[in-house]
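Here the sequence shown is numbered in the working numbering, starting from 1472 and rising by one per residue.
Beta carbons: idealized from backbone N, C-alpha and C, even for Gly.
For reference, the structure discussed in these notes is given below.
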Amino acid sequence: MSSSRPRLPDVSVTQLEYLVAVHQTTTWAEAAKSLGVSQSALSQGLAELQRRLGIQLFSWEGRRRVPLETARHVTEHARRILAQTGDLAAWAERVRAGSAGKLRVGMIDAAAVDHFGETLREFRENRPELDLHVIVGPSSQLLQGLSTGDLDLAVCVQPDDPGVTNVPLLEEELLVYGPPGVRQSEPTLWGPWVTFPQGSLTRDLIGKALRSLRAPFDVVAESNQPEVLSEMVLIGMGWTVLPRIQAERPPASLTPIRQTPLLKRTLVAATRHTGLANPAAIELTEELQRHAADMS
1472 MSSSRPRLPD
1482 VSVTQLEYLV
1492 AVHQTTTWAE
1502 AAKSLGVSQS
1512 ALSQGLAELQ
1522 RRLGIQLFSW
1532 EGRRRVPLET
1542 ARHVTEHARR
1552 ILAQTGDLAA
1562 WAERVRAGSA
1572 GKLRVGMIDA
1582 AAVDHFGETL
1592 REFRENRPEL
1602 DLHVIVGPSS
1612 QLLQGLSTGD
1622 LDLAVCVQPD
1632 DPGVTNVPLL
1642 EEELLVYGPP
1652 GVRQSEPTLW
1662 GPWVTFPQGS
1672 LTRDLIGKAL
1682 RSLRAPFDVV
1692 AESNQPEVLS
1702 EMVLIGMGWT
1712 VLPRIQAERP
1722 PASLTPIRQT
1732 PLLKRTLVAA
1742 TRHTGLANPA
1752 AIELTEELQR
1762 HAADMS
């Protein structure tokens, strides 16, 4: 009985690295230099990749080679393969060395500063052999880092992404804050708003919650930094929705329009759904869960 699966092309990880490097740089010479190979070797490797795939990836415009639409699709696939191959290589290295190795963690600001800063400090101190690197950024940036293999673990707002495994940590209440002197009023009179930029998971949650109350969501200013949003509210630029722990601490010390939260968001420990878990990421997730349980 013949298999219905197509025959897999005999492509190499090196060829996929060549393709991604060409996509990330402006010239083939620059791509070759970034890989530490000659431009001739780069050209031969990509020519062989085209031959083995049986499709053309580049065309000539004068003396320049430009990628076709097929190259974009193959490059996206190559990024995922390289990220997972990197996971495999790192996992194998940890098994050989019998050590935790390197752990790259991304956290949103609330997680890194307000909730889990002490947990991170203790985790690092108790594992001096661990190369722990922490990046603070918005959830969308951290999830992108997970997908490309630049992060092993992200503590962020819970995403709706089948490629990510989520471990719930805690829920945060977000409240509505208005400029000084603003009194409690009907939601239809709220705003305008200063909030997180487009693409923010929290902004999407805020917009949905406000619309459910028939409140307008006219955004006049954006920032990824809660401190900046709080200061904008203080100077009367607009209203905002933030976690209490961020909005009500000095120097801003905002007062909510009402004590009832507008919404709750769930913070999770997120990892790629690849099946090869970083042992240090598992340990840190367990520590975060214990700390979150102590706070509840």
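Pairing Arg-1685 with Gln-1629, the inter-Cα distance amounts to about 25 angstroms.
Counting the other Cβ atoms within 10 Å of the Cβ of Gly-1577 gives 16 or more, which makes it buried. Per DSSP, the beta bridge partners of Asn-1637 are Ala-1741. Residues Phe-1688 of the same chain have their beta carbon placed closer than 6 angstroms to that of Gly-1678, with the five preceding and five following residues left out of the count.
For Trp-1664, the three-state secondary structure derived from DSSP is strand. The criterion of a C-beta distance shorter than 9 angstroms is not satisfied by Ser-1505 and Thr-1497. For Gly-1588, the enclosing alpha helix (DSSP H) starts and ends at 1588-1596.
Three or more beta-carbon pairs separated by less than 8 angstroms are not found between the stretch 1741-1753 and the stretch 1718-1733, which leaves the two stretches without contact. Judged by DSSP in its simplified three-state form, Ile-1526 adopts coil rather than helix or strand.
Beta-bridge partners of Asp-1602 (DSSP): Lys-1573. Taking 9 angstroms as the cut-off, the Cβ atoms of Gln-1717 and Asp-1580 count as close. Per DSSP, Pro-1609 has no beta-bridge partner at all.
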